[in-house]
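*Asks:* If you scroll down you'll find the structure; I have some questions about it.
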Amino acid sequence: MRAFYILFMLCLGLNAADKLEVQAKTFSSDDKAGKTILKGDVFIKKGNDKLWADVVVIKTDSKRKPLEYTATGKVRFYVETQDGRKINGSAQKVVYNTVDNEYRLYENAKIQEKDSPNTITGEFITLNNKKGQAYSTGDKDKPTTLIFMLDEEKK
Numbered sequence: 005m006r007a008f009y010i011l012f013m014l015c016l017g018l019n020a021a022d023k024l025e026v027q028a029k030t031f032s033s034d035d036k037a038g039k040t041i042l043k044g045d046v047f048i049k050k051g052n053d054k055l056w057a058d059v060v061v062i063k064t065d066s067k068r069k070p071l072e073y074t075a076t077g078k079v080r081f082y083v084e085t086q087d088g089r090k091i092n093g094s095a096q097k098v099v100y101n102t103v104d105n106e107y108r109l110y111e112n113a114k115i116q117e118k119d120s121p122n123t124i125t126g127e128f129i130t131l132n133n134k135k136g137q138a139y140s141t142g143d144k145d146k147p148t149t150l151i152f153m154l155d156e157e158k159k
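Residue numbers for the sequence shown follow the working numbering, beginning at 5 and rising by one.
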């Protein structure tokens with residue numbers, strides 16, 4: 005019951021516009037450590053942004069406001085950027101920093117703009133929604149790949 009209360013307070017501490025919906029098979033929470041652990045078919049939704057994973061660890065501040073989400077195991081996500089682009093992503097591990105509005109994807113990472121060929125793949129990708137920036141690296145045997153549509157004016 006205490007864990008439910010902590011999760012409820014975590015959600016209550018957010019503005020209505022920042023409503024956080026969380027689903028998982030199990031969860032545990034440590035209020036003093038500022039950590040909530042969700043396991044098994046985890047689904048998190050905040051606004052239009054969505055995250056699916058096997059395990060998610062949420063770190064919070066003293067007011068229970070989420071600071072960082074670390075998702076592991078078959079991670080997928082969907083986000084809408086500030087300029088209106090819709091992005092799907094996947095990796096083995098994704099860390100989302102709420103303060104910087106930045107996603108870091110590790111291992112078999114992929115980001116693709118919906119309804120567009122624009123794609124980034126690599127072993128490590130950073131997507132900063134606040135700054136509108138992306139960064140990617142490959143490994144020694146598999147380079148990073150970028151596929152994008154050039155916007156050319158028609159004559």
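Positions of the beta carbon are idealized from the N, C-alpha and C atoms, including for glycine.
Could you compute how far the alpha carbon of P70 sits from the alpha carbon of W56?
*Replies:* Going by the C-alpha atoms only, they are around 17 Å apart.
*Asks:* To which residues does DSSP link T76 through a beta bridge?
*Replies:* Answer is V59, K97.
*Asks:* Does the beta-carbon of F152 have 16 or more other beta-carbons within 10 angstroms, so that it is buried, or is it exposed?
*Replies:* Classification of F152: exposed, given that the 10 Å Cβ count is below 16.
*Asks:* Would you identify the three-state DSSP class for A20, choosing helix, strand or coil?
*Replies:* Below a pLDDT of 50, predicted positions are generally treated as unreliable, and A20, at 42, falls in that range; the measurement from the model is reported next regardless. A20 falls in the helix class under three-state DSSP.
*Asks:* Would a check of beta-carbon distances place K23 closer than 8 Å to chain C?
*Replies:* Any reference to chain C falls outside this structure, which holds one protein chain only.
*Asks:* Could you tell me which of V79, L131, Y100, E127 sits nearest to E117, measuring between CA atoms?
*Replies:* Comparing Cα positions, the closest option is L131.
*Asks:* Buried or exposed: which applies to K159, given that a residue is buried once 16 or more other Cβ atoms fall within 10 Å of its Cβ?
*Replies:* In this prediction, K159 has a pLDDT of 48, which is less than 50 and means its spatial position is unreliable; what the coordinates show is noted afterwards. So K159 counts as exposed.
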